[in-house]
Amino acid sequence: MSKLLVKADKGHGHVAHVTPQSAGWTYVGFDLHRLRPGETASGKTGEREVCLVFVTGKGKASASGKDLGLLGERMSPFEGKPWSVYVPQGADWSVTADTELELAVCSAPGLGGGLPVRVIGPDDLGQEVRGKGTNTRYVTNILPEGKPADSLLVVEVITPGGHTSSYPPHKHDQDNLPAESYLEETYYHRLNPPQGFAFQRVYTDADRNGVRELDEAMAIEDGDVVLVPKGYHPCAACHGYDLYYLNVMAGPKRTWKFHNAAEHEWLMKA
79 MSKLLVKADK GHGHVAHVTP QSAGWTYVGF DLHRLRPGET ASGKTGEREV
129 CLVFVTGKGK ASASGKDLGL LGERMSPFEG KPWSVYVPQG ADWSVTADTE
179 LELAVCSAPG LGGGLPVRVI GPDDLGQEVR GKGTNTRYVT NILPEGKPAD
229 SLLVVEVITP GGHTSSYPPH KHDQDNLPAE SYLEETYYHR LNPPQGFAFQ
279 RVYTDADRNG VRELDEAMAI EDGDVVLVPK GYHPCAACHG YDLYYLNVMA
329 GPKRTWKFHN AAEHEWLMKA
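Using my numbering, you'd call the opening residue of the sequence shown number 79 and step up by one each time.
This is the structure:
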């Protein structure tokens, strides 16, 4: 199995855990909790900031001693927009499930910005359609660079069955602004229906001898997490199975500036 593929545990509890240490990088962390009604997930942010994403289900949330009430709405990630909570560094948080709940905990370094806890409701989220034809996908911006945070960028994407996504292949692994930003990234994948599969390739440019430093092709199943430390990272959803993914990105500068693979640039003009 690829070292970039993290298989979430089946069942309930703390089912996925990615840290900078386990991933071998510097910035992005990702955790996933599947809770039964009445069960609680909680944590302390320490020197990191957190975005709690209610992927599915409802729960009572609190952070920094503030009762945030009952949050969550949709029961499938393929329907509607999520509820989320931004929690700054030096704070604690807690979520108690009211229904079956899938809670993603997205984290990155705090930079002492002194930002407040805030609830990010569905009405606060912008949506856009990217691509055309069988490269069409639907994007919901949860924590884009135009909204306050220190390091985190969080977005979710739905790719219809038979379509490609994160395509034409692009990368963001050079700290070379304004042309390109360095951003580590995780993909949390869901499939509809859940027995389906999709594909993702993570690869770097070839050298003069045709050798790539990194080239991993993975079959993605429902609940998988993919690590993107560098390189291009396109996805393909198989016919009959829609693909959802939640992206978490962070790096030294909080901006998304990507570079398209030169050999596929023509697709942008076709």
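For every residue, glycine included, the Cβ atom is placed at its ideal position computed from N, Cα and C.
For clarity, every value in this text was computed on a predicted model and none was experimentally measured.
key: Residue(s) in a DSSP beta bridge with His111   = By 1-based counting over the sequence shown, the position of residue 111 is 33. As DSSP reads the structure, His111 sits in a beta bridge with His92 and Leu181.
ask   = Run through DSSP, which three-state label would Asp87 get?
value = Numbered from its first residue, the sequence shown carries residue 87 at position 9. In this structure, Asp87 counts as coil in the three-state DSSP scheme.
ask   = Taking DSSP as the reference, what is the three-state secondary structure of Asn287?
value = Within the sequence shown, the letter at position 209 stands for residue 287. Residue state, collapsed to three classes: coil.
request  = Confirm, please, whether the CB-CB distance from Glu299 to Leu321 is below 8 angstroms.
outcome  = Residue mapping note: residue 321 aligns to position 243 of the sequence shown, counting from 1. Residue mapping note: residue 299 aligns to position 221 of the sequence shown, counting from 1. Taking 8 angstroms as the cut-off, the beta carbon of Leu321 is found no closer than this to the beta carbon of Glu299.
Three-state class that DSSP yields for Asp201 in the structure shown = In the sequence shown, counting from the first residue as 1, residue 201 sits at position 123. Three-state result, Asp201: helix.
Rounded C-alpha distance that separates Tyr266 from Gly107 = Here the question's residue 266 lines up with position 188 in the sequence shown. Here the question's residue 107 lines up with position 29 in the sequence shown. Tyr266 and Gly107 have their C-alpha atoms some 12 angstroms from each other.
inquiry  = Quick test of the definition: if touching needs 3 or more C-beta pairs under 8 angstroms, does the segment 160-173 touch the segment 220-236?
reply    = Yes: at least three Cβ pairs fall under 8 angstroms.
key: Alpha-carbon spacing of Leu310 relative to Glu263, whole angstroms   = Indexing the sequence shown from 1 puts residue 310 at position 232. Indexing the sequence shown from 1 puts residue 263 at position 185. It is Tyr, not Leu, that sits at residue 310 in the sequence shown. Rounded to the nearest whole angstrom, the CA to CA distance from Tyr310 to Glu263 is 11 angstroms.
ask   = Alpha carbon to alpha carbon, how far is Val197 from Leu146?
value = Position 119 of the sequence shown, counted from the start, is the residue given in the question as residue 197. Position 68 of the sequence shown, counted from the start, is the residue given in the question as residue 146. Distance between the alpha carbons of Val197 and Leu146 is about 8 angstroms.
query = From the DSSP output, which residues share a beta bridge with Leu305?
reply = Against the sequence shown, residue 305 aligns to sequence position 227. When beta bridges are read from the DSSP output, Leu305 appears opposite Thr264.
query = Does DSSP put Leu345 in a helix, in a strand, or in coil?
reply = Reading the sequence shown from its first residue, position 267 is the one you call residue 345. Looking at Leu345 - three-state DSSP - the assignment turns out to be helix.
request  = Alpha carbon to alpha carbon, how far is Asp176 from Gly150? Give it in angstroms, no decimals.
outcome  = Counting from 1 along the sequence shown, the entry for residue 150 is found at position 72. Counting from 1 along the sequence shown, the entry for residue 176 is found at position 98. About 9 angstroms.
message = Whole angstroms are fine: how far does the CA of Gly91 sit from the CA of Trp344?
response = The residue labelled residue 344 in the question sits at position 266 within the sequence shown. The residue labelled residue 91 in the question sits at position 13 within the sequence shown. Their Cα atoms are separated by approximately 45 angstroms.
request  = Would you mind giving the Cβ-Cβ distance between Lys138 and Leu148, rounded to the nearest angstrom? I have them listed as a contact below 8 angstroms.
outcome  = Mapped onto the sequence shown, residue 138 falls at position 60. Mapped onto the sequence shown, residue 148 falls at position 70. A Cβ-Cβ separation of about 5 angstroms places Lys138 in contact with Leu148 under the 8 angstroms criterion.
request  = Entirely within the segment 220-264 and at least 3 residues each: give me those beta strand (DSSP E) ranges in chain order.
outcome  = Contiguous beta strand (DSSP E) elements confined to the segment 220-264 occur at 231-237, 251-254 and 258-260, taking only those with 3 or more residues.
query = In this structure, does DSSP put Ala169 in helix, strand or coil?
reply = In the sequence shown, counting from the first residue as 1, residue 169 sits at position 91. Coil.
key: Cutoff 6 angstroms; reference Pro98; Cβ partners in own chain excluding five residues on either side   = If you number the sequence shown from 1, residue 98 lands on position 20. Excluding residues within five positions, the ones whose Cβ falls inside 6 angstroms are Thr104.
query = Thr118: buried (16+ other C-beta within 10 angstroms of its C-beta) or exposed?
reply = Taking the first residue of the sequence shown as position 1, residue 118 is located at position 40. Flag for Thr118 reads exposed.
task = Spell out a yes or no on whether the segment 322-331 and the segment 179-189 are touching, meaning 3 or more CB-CB pairs, one atom from each, closer than 8 angstroms.
result = With the cut-off at 8 angstroms, the segment 322-331 and the segment 179-189 touch.
Cα-Cα separation between Thr333 and Phe132, rounded to whole angstroms = Along the sequence shown, one-based indexing puts residue 333 at 255. Along the sequence shown, one-based indexing puts residue 132 at 54. Thr333 and Phe132: Cα-Cα distance of roughly 24 angstroms.
message = Could you give the first and the last residue of the continuous beta strand (DSSP E) run that contains Ser120?
response = Numbered from its first residue, the sequence shown carries residue 120 at position 42. Counting along the chain, Ser120 sits inside the beta strand (DSSP E) bounded by residues Thr118 to Lys122.
request  = Could you give the DSSP three-state label for Thr212: helix, strand or coil?
outcome  = As a position in the sequence shown, residue 212 is number 134, starting the count at 1. Here Thr212 sits in helix by DSSP.
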